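The block underneath contains the structure these notes are about, expressed in structure tokens.
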Amino acid sequence: MKNGRATPLIVSVCYVRLAVSEPNASARFVSDIFGLQRVADQDGEIAFRSDDRFRTVSLGKNSPDGASVGIEVWDDKALEEIARRLRELGFTVKDATAGECRRRYVQSALLAEDASGNRIDLVTRPTRSGRRYFPPRDAGIVEFHGVGLRTTDHVRDLAFWRALGAEVSDWVGDIAYLRIDGLHHRVTLYPSKRNGLLYAAFEVEALDQIMQNSYFMQESQIKIMQGPGREPASRQMFLHVEGPDGLIFSYVNGMAALDGKPWLARQFPLTAGSLCDWGSESKDVPELSAQG
Amino acid sequence: MIQLKDVSYVRLGSPDLESAERFATACLGLQIAQRGKKHLYLRSDERAHTLCYSEGDPRDQTVGFEVADEASLQDAASTLESLGHAVHAGSAQEAEQRKVKAFIGFCDPTGNHIELVVRPERSGRRYFASRDAGITGFSHIGLNSTDPARDERFWTQVCNARVSDRIGDIPLMRVNAIHHTIALVRAPKAGIQHINHQVENSDDVLRSYYFLNERRVPIVFGPGRHPTSGARFLYFRGPDGMIFEYSVGVDEIEDEATHRPRQFGFEPASFCMWGSKPAGMALPNN
């Protein structure tokens, strides 16, 4: 958030770059099953759109520069401020090369790593598209909404996100919902035994699309990792679907807006009822199943 | 013309009132209004009762509709008799059992037991549910029909029902602003096909889906959404095979004068726009 500044440091979660074992096979899941529009295949990455941005998901081979989460930064001055803050806290940051920027479809970038080793790209001017989004099937996707991240060091990782201006909206146990704009959260940190992306969430139009996608996945014999369900804290409805290499793609809708009013983070106990109001449970994903 | 104001109650026979009570309270979530040796009265809203189980044959199924007053009741009796329906004038004792001032009983052309009632009792105390299912009230019934076109004529020409929409040849009919109070369902014999209770919101529909699943209550259709009425729904099976429905968001017909029934094809998407398929419950006409 603004931290007393006239403008915020960071604006949005603008992409996820995923490293998978078989990008071409995975690409079929992302477009034909999940419903994103395939737009490009360059620099070894297959790019997908979900809204008016040029791309919000990239699939690449497992490689050193293979996976990251993109966070849009207000401007280059904000980027400098973030670099200063992160270095002060002892995090690894480096300026992206021209090649790294091109691969990310951005003008400039700071490549950072949180304490768990999650690679976070802080980027300016991510590329937009002039043409409207046209999905391959009627999944009702409106926009790329946010991410869930696994954390092995939630105290240090929280310090990382706070340095970017994120604030905790609510807690479920030590799961932290992080707010970077008017909505309840865009990033969620899930304590885990390992690092990495837990899910990439895409907003759909309404409950109708959550449910239609739920039946579509059952018919397509795609595993549903959790849902349909509703987070009590954020009021967001969700459907977590198993994607390639164990990555989770989620449809979401209905998140509460906090609209800048003073907000004291609430503590919910780490129980199934704190993670889903309706009663859905995740049997296979420890981070989603209130097992700590 | 017989002016039906609203659906009032359902009466069901059951050989096992204890099981019926267990289901009605622990699963369905109704409030016990009165428990006798041979009767169980259940509340779902501000009315004194909307569902009554009597010890007996589960094939004994009756639905009650409210009419305005006793004069209307007498007119209805004459109308029905002139059309050749045998009309039973309810005795004082029978009226008391139904918690109404007066009533008549007859059979519709399929043979469904229908009662017309005057002044059904309300309760001074508010409805207090036995479990938090979010029920806001008894709302409509699915009624078996051996000949939907013939029965549609009965409900719309002898009574005041209006067709809101049709799926294939089965009509969804209203008697007030609510999209439908009577849904005819093609079936080989008379009977109540389902009993609907409204709930507060779609959260309640989804919560009950997980809740009832956990308790091994057979879910026979849903969670889903009817493209006709717009309602989000869940159908599940209760005692003696009776199907109950929770739903929310049933449209109201805004302009009575200009509303034209829409025709939906007889296919699964006309019953659920989300993609759920009936399991252990026949779609109408099947």
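So the protein sequences, as listed, match chains A and B.
So the first sequence is numbered by my numbering: it starts at 1 and just counts up by one.
So the second sequence is numbered by my numbering: it starts at 1001 and just counts up by one.
For every residue, glycine included, the Cβ atom is placed at its ideal position computed from N, Cα and C.
The structure displayed is predicted, hence computed values, not measured ones.
Whether residue i touches residue j by CB criterion (8 Å)
i	j	result
Gly70(A)	Tyr133(A)	no
Thr1079(B)	Val1158(B)	yes
Val1199(B)	Tyr1246(B)	yes
Phe320(A)	Glu113(A)	Missing from the structure shown is residue 320(A); chain A here goes from 1 to 292 and no further.
Phe54(A)	Val30(A)	no
Arg1131(B)	Gly1029(B)	yes
Val106(A)	Val147(A)	no
Val1220(B)	Tyr1235(B)	yes
Ile1192(B)	Ile1114(B)	no
Cys276(A)	Gly229(A)	yes
Ala19(A)	Lys61(A)	yes
Ser58(A)	Arg87(A)	no
Ser1276(B)	Gly1222(B)	yes
Pro126(A)	Glu72(A)	yes
Arg104(A)	Asp76(A)	no
Arg1047(B)	Ser1139(B)	no
Ala200(A)	Ser129(A)	no
Met217(A)	Val252(A)	no
His1194(B)	Glu1252(B)	no
Thr1146(B)	Ala1187(B)	yes
Val1118(B)	Val1087(B)	no
Phe34(A)	Ala206(A)	no
Val93(A)	Ala83(A)	yes
Phe268(A)	Ala233(A)	yes
Residue range of the unbroken beta strand (DSSP E) whose run includes residue i
i	result
Met225(A)	224-230
Ser169(A)	167-172
Val1163(B)	1162-1167
His1269(B)	The residue asked about is misnamed: residue 1269(B) is Ala in this sequence, not His. Note, Ala1269(B): premise wrong, no beta strand (DSSP E); alpha helix (DSSP H) at 1268-1271.
Gly1013(B)	1006-1014
Ala176(A)	175-179
Thr1064(B)	A small correction: the amino acid at residue 1064(B) is Gly; Thr does not occupy that position in the sequence shown. Taken as a continuous stretch (DSSP letters only), the beta strand (DSSP E) holding Gly1064(B) covers 1061-1066.
Leu111(A)	108-113
Ser1237(B)	The displayed chain sequence assigns Arg, not Ser, to residue 1237(B). Arg1237(B) -> beta strand (DSSP E) spans 1232-1237.
Span of the alpha helix (DSSP H), counted from its first residue to its last, around residue i
i	result
Gln218(A)	207-219
Ser1078(B)	1070-1082
Cys101(A)	98-104
Val1205(B)	1202-1214
Ile71(A)	Segment 68-73 is the beta strand (DSSP E) holding Ile71(A); no alpha helix (DSSP H) there.
Asn24(A)	23-28
Ala163(A)	154-163
Gly1287(B)	Here chain B has residues from 1001 to 1286 only, and residue 1287(B) is not among them.
Ala83(A)	76-88
Pro1148(B)	1148-1153
Neighbour-count burial assignment, residue i, 16 or more Cβ in a 10 Å radius
i	result
Asn1144(B)	buried
Met237(A)	buried
Ala1269(B)	exposed
Thr97(A)	exposed
Asn1286(B)	The pLDDT assigned to Asn1286(B) is 41, lower than 50, so where the model puts this residue is not dependable; a value taken from the coordinates is nonetheless given after this. Its Cβ having fewer than 16 others within 10 Å, Asn1286(B) is exposed.
Thr1110(B)	buried
Gln42(A)	exposed
Ser63(A)	exposed
Met1001(B)	exposed
Gly260(A)	exposed
Gly1280(B)	exposed
Leu288(A)	buried
CB-CB length for residue i against residue j, believed under 8 Å
i	j	result
Arg1162(B)	Arg1174(B)	6 Å
Cys1027(B)	Leu1040(B)	At roughly 14 Å, the Cβ-Cβ gap does not stay under 8 Å, so Cys1027(B) and Leu1040(B) are not in contact.
Ala1190(B)	Leu1172(B)	Contact doesn't hold; Cβ gap of about 19 Å is too wide.
Gly1064(B)	Tyr1009(B)	5 Å
Asp157(A)	Ala109(A)	Not quite, the Cβ-Cβ distance comes to about 20 Å (not below 8 Å), so this is no contact.
Ser1019(B)	Pro1239(B)	5 Å
Thr271(A)	Ala290(A)	5 Å
Leu239(A)	Gly227(A)	4 Å
Phe1271(B)	His1226(B)	7 Å
Arg179(A)	Leu258(A)	7 Å
Asp51(A)	Val123(A)	The Cβ separation is near 16 Å, so there is no contact.
Closer than 7 Å: residue i CB and nearest the ligand HEM heavy atom
i	result
Asp32(A)	In terms of ligand content, the structure shown is empty, and the ligand HEM therefore cannot be addressed.
### Query
Looking at C-beta atoms only, is the number of pairs between the segment 166-178 of chain A and the segment 217-225 of chain A that lie closer than 8 Å three or more?
no
### Query
With a cut-off of 8 Å, do at least 3 Cβ pairs link the segment 195-207 of chain A to the segment 137-153 of chain A?
yes
### Query
Is the segment 1213-1226 of chain B close to the segment 280-292 of chain A, with three or more CB pairs under 8 Å?
no
### Task
Would you be able to state if there are at least three C-beta pairs under 8 Å between the segment 1088-1096 of chain B and the segment 1053-1061 of chain B?
no
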